[in-house]
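Enquirer:
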Amino acid sequence: NRMLLYTLMDKYGFKNLAEEWWHYTLINEPYPNTYFDFIIE
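Under our numbering, residues 19 to 59 are what the sequence shown spells out, in order.
(1) By Cβ distance below 7 angstroms, which residues in the same chain neighbour N46 in space, the five residues on each side in sequence not counted?
(2) Can you give, in chain order, each stretch of the beta strand (DSSP E) that sits fully within the stretch 20-54 and has at least 3 residues?
(3) For M21, collect the residues of the same chain with a Cβ closer than 7 angstroms to its Cβ; drop the 5 residues on either side in sequence, then sort them by chain order.
(4) Are the CB atoms of N34 and Y63 within a distance shorter than 7 angstroms?
The structure is reproduced here in structure tokens:
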């Protein structure tokens, strides 16, 4: 299951944090310097 997650996330532009298999970051983040702080209902 981890390899499937890794393969799909990589395919769609996410980079894995090697120390924590469940953490991913979008490589070409559209707003890299913006902090979003809002309530989600």
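Where is the CB? At the ideal position from N, CA and C, for every residue including glycine.
Expert: So, from the data block:
(1) G31
(2) If we require 3 residues or more, the beta strand (DSSP E) runs fully inside the stretch 20-54 come out as 32-34 and 42-44.
(3) none
(4) The requested residue 63 is not part of the displayed model; the chain covers only 19 to 59.
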